[in-house]
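Taking full-length UniProt numbering, the leading residue of the sequence shown gets 1, the next gets one more, and so forth.
For every residue, glycine included, the Cβ atom is placed at its ideal position computed from N, Cα and C.
The structure presented is a predicted model; accordingly, all values stated were derived computationally and were not measured.
In what follows, a single structure is set out as structure tokens and then discussed.
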Amino acid sequence: MAKAMILAAGQGTRVRPLTKHTPKPMVPILGKPVMEYLVEHLARYDVKQIMVNVAFMHWKIENYFGSGHRWGVELGYSYEGVREQGEVVCKPVGSAGGMRKIQDFGGFFDETFIVLCGDAVIDLDIAAAVAEHKAKGAIASVVTFEVPREQTKNYGIVVADAEGRVTSFQEKPKPEDAKSLLASTGIYIFEPAVLDLIPPGVEFDIGSQLFPLLVEKGLPFFAQNRSFNWIDIGRVTDYWAVTQQVMAGGVAQMDMPGREVKPQVWVGLNTSVDWDRVLIEGPVYIGSNVRIEPGAKIIGPTWIGHGSHVRGGATVERSVLIEHTRIGEGMTVREMIISPHYCVDRSGHTSYVGDEARPLRWGDARA
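Set out below in structure tokens:
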């Protein structure tokens, strides 16, 4: 298999404010956009031709990834939008509609292909998944992941028989109503024939429309329950959990950048840290041009983005500082995501600079 599609047209409203000025596939983990990990993973399995459907802030994705040559792949882009009153406005056509749009334009999907959501980190054995898909003679396969019953309310749940043939779906059911514990991971394997079932020129979704249609028609559609790392960034709280897991070494092939100056402490270029008067307990990454003043404490897992400034006496614990963030003197930041403009705690509560209800002083380190 040599072809894939990455779904990247959504606005990522559930993870705002992280996506207020950034498309969701560009949200960084260990300093790299989440979609970059997907491209690298596809390249490892010799999947070298990848189409990406884009809409919201599409230029940020296109400008960063370009032709894909840096990763040894070919990347193409399918823009989803319309012209209204002289302006080009993004208008996604749904995950399945995006597939049909690509096919109608140039016939890209001419062999078995894989479709991935652009907002998750995975280490799936793609070769094994494709082999199972073909061995079963499937027209479509959905890769699933078993979740605890109390988490079924967060996912699309796939119900399958003993042979793995999909029989029905439940969209985010209450735990007591869930007929299965198999969550759809947003990873799909298709044969080109499936595209004939998608109506052209209309918004159409894979999970809520295409999959029920496959079941209704009795076509060979299977679930694959696989054991692998699947880190989904569906909500702001997920982003905090993901960074904690990744920095703690919980995901293979995701290595810390920078230079390890002491056990589990990595730094970028040109940092200003008084190592004798700062307490740092790893895992911690300190980006380039970061200043940490004497008396500060940094407790990991913590990521401090480049250009940030931690004032004296401040404590930053199990947190993420987006680039160019300044933490005020004597402040305590614990289990938060903080940028120069907003902060989000691990429960998802968001505050903005100037909000008097949040007893925290922070801001833009460039000011």
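Problem set entry | Rounded straight-line distance, which links the Cα of T112 to that of W71 | 22 Å
Problem set entry | When F56, G312 and T332 are compared against G118, the one with the closest alpha-carbon | The shortest Cα separation from G118 among F56, G312 and T332 belongs to F56.
Exercise. Can you find at least 3 beta carbon pairs, one from the stretch 346-353 and one from the stretch 236-243, that sit closer than 8 Å?
Worked result: Cβ pair count under 8 Å is three or more, so yes.
Problem set entry | beta strand (DSSP E) runs contained entirely in the stretch 43-108, provided each spans 3 or more residues | Listed in chain order, the complete beta strand (DSSP E) runs (minimum 3 residues) inside the stretch 43-108 are 49-54, 74-79, 81-84 and 87-90.
Problem set entry | Spatial distance of A365 from G249 (CA atoms) | 29 Å
For this session: Spell out the partners DSSP gives residue 368 in its beta bridges.
Result: This structure leaves residue 368 out entirely; the chain is present only between 1 and 367.
Problem set entry | Member of D255, G295 and G312 whose CA lies at the smallest distance from the CA of H284 | The sequence shown places Val at residue 284, rather than the His named in the question. Minimum Cα distance to V284 is reached at D255.
Problem set entry | V143 to G137 span [Cα, whole Å] | V143 and G137: Cα-Cα distance of roughly 15 Å.
Problem set entry | Start-to-end residues for the beta strand (DSSP E) that takes in E171 | V166 to E171
Exercise. What number of angstroms, rounded off, separates the C-alpha of K153 from the C-alpha of T350?
Worked result: 23 Å
Problem set entry | Close-in-space but distant-in-sequence residues of the same chain around K297 (CB under 6 Å, 5 per side omitted) | L279 and T315
Problem set entry | Terminal residues of the beta strand (DSSP E) in which A160 lies | G156 to A160
Exercise. Does the stretch 159-167 come within contact of the stretch 263-274, defined as at least 3 CB pairs closer than 8 Å?
Worked result: Flag = no, the stretch 159-167 and the stretch 263-274 do not touch.
For this session: Let me know the secondary structure DSSP gives L124 once reduced to three states.
Result: coil
For this session: Under the assumption that residue 416 contacts S184 (Cβ atoms under 8 Å), give the Cβ distance between them as a whole number of angstroms.
Result: Look at the range of the chain in this structure, 1 to 367, and you will see that residue 416 is not part of it.
For this session: Determine, using beta carbons only, whether residue 377 and P17 come nearer to each other than 8 Å.
Result: Lying outside 1 to 367, the shown extent of the chain, residue 377 is not represented and no answer is given.
Problem set entry | Start-end ranges of the alpha helix (DSSP H) lying completely within the stretch 202-261, minimum 4 residues | 211-216 and 236-247
For this session: Using only alpha-carbon positions, find the residue among F109, F228, H69 and L321 that is nearest to F145.
Result: F228
Exercise. In the structure shown, what three-state DSSP assignment does H133 receive?
Worked result: helix
For this session: Could you tell me which residues DSSP puts in a beta bridge with M5?
Result: M5 is bridged to M51 and V115.
For this session: Spatial neighbours of residue 369 within its chain, please: CB distance less than 7 Å, with the 5 preceding and 5 following residues excluded, ordered by chain position.
Result: Outside the shown range of the chain, which is 1 to 367, sits residue 369, and nothing can be said about it.
Problem set entry | Residues that E146 bridges to, as DSSP identifies them | BP columns for E146 point to L182.
Exercise. Which two residues bound the contiguous beta strand (DSSP E) that contains M331?
Worked result: No beta strand (DSSP E) contains M331, which DSSP labels as neither H nor E.
For this session: Please report how far the alpha carbon of K91 lies from the alpha carbon of H309, in whole angstroms.
Result: Take the alpha-carbon of K91 and the one of H309: they are about 39 Å apart.
Problem set entry | Per DSSP, the bridge partner or partners of E32 | Strictly speaking, residue 32 in this sequence is Lys, with Glu absent from that position. In the DSSP assignment, the residues bridged to K32 are I29.
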